[in-house]
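Q: All the letters of the sequence shown, read from the start, carry residue numbers 5 to 149 under the working numbering.
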Amino acid sequence: GTKEYRDKVELATQYWNTVATMISDWGKVKNDELKAAELRQEKINAHAVVLRALGGLGKSLIESYPKEWKQRLTKLKDIDWRKSIGNKVNPMWENACITAGSVVSNRQARVATLAVLKQHVGLELTKQEEQVWGSMASFREAATA
5 GTKEYRDKVE LATQYWNTVA TMISDWGKVK NDELKAAELR QEKINAHAVV
55 LRALGGLGKS LIESYPKEWK QRLTKLKDID WRKSIGNKVN PMWENACITA
105 GSVVSNRQAR VATLAVLKQH VGLELTKQEE QVWGSMASFR EAATA
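Next comes the structure, spelled out in structure tokens:
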């Protein structure tokens with residue numbers, strides 16, 4: 005492969021290795037302290053919709069902060085990845101990638117989940133992300149009113 009391709013693979017590997025250090029649940033699965041199925045039952049961070057959003061986050065972060073993207077990723081440590089808190093859906097994910105109590109991964113959910121993560125690490129949203137997240141925010145307010 006070309007040097008450019010090898011550089012991209014190296015960067016992607018660095019990115020995902022860094023993400024993995026920020027999500028302690030992944031380490032627990034890797035070390036056999038937690039079953040992947042149990043993780044998927046309780047947390048959102050092993051679901052495709054979040055994995056895709058983390059990929060999109062990497063693209064945006066590295067483009068916006070080619071030197072500081074690793075430091076910005078440390079904010080992932082603060083995320084509450086639980087699907088529910090007590091008997092209520094975790095408000096961070098409600099109507100982003102959890103709708104009516106189920107994890108969804110349609111296009112709208114993927115955009116909204118990426119928007120949640122981008123906001124969390126301090127990245128600006130695109131117009132499309134703002135629109136989807138804005139419409140879902142008004143839906144969330146109506147649902148909780």
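Ideal placement from N, C-alpha and C gives every residue a C-beta, glycine not left out. On a predicted model such as this, the values are computed, not experimentally measured, just so you know.
(1) Quick check on DSSP: helix, strand or coil for residue 88?
(2) With which residues is residue 93 paired in a DSSP beta bridge?
(3) Out of 5, 47, 63, state which residue places its alpha-carbon closest to the alpha-carbon of residue 18.
(4) Evaluate residue 13 with the Cβ neighbour count: other Cβ atoms within 10 Å of its Cβ, from every protein chain shown; 16 or more gives buried, anything less gives exposed.
(5) Which of the three DSSP states, helix, strand or coil, is assigned to residue 67?
(6) For residue 89, count neighbouring Cβ atoms within 10 angstroms of its own Cβ and tell me buried if that reaches 16, exposed if not.
(7) What are the boundary residues of the alpha helix (DSSP H) that includes residue 120?
A: Taking the geometry as given:
(1) strand
(2) DSSP output for residue 93 lists 88 as bridge partner(s).
(3) 63
(4) exposed
(5) helix
(6) With a 10 Å radius around the Cβ and a threshold of 16 neighbouring Cβ atoms, residue 89 comes out exposed.
(7) 111-124
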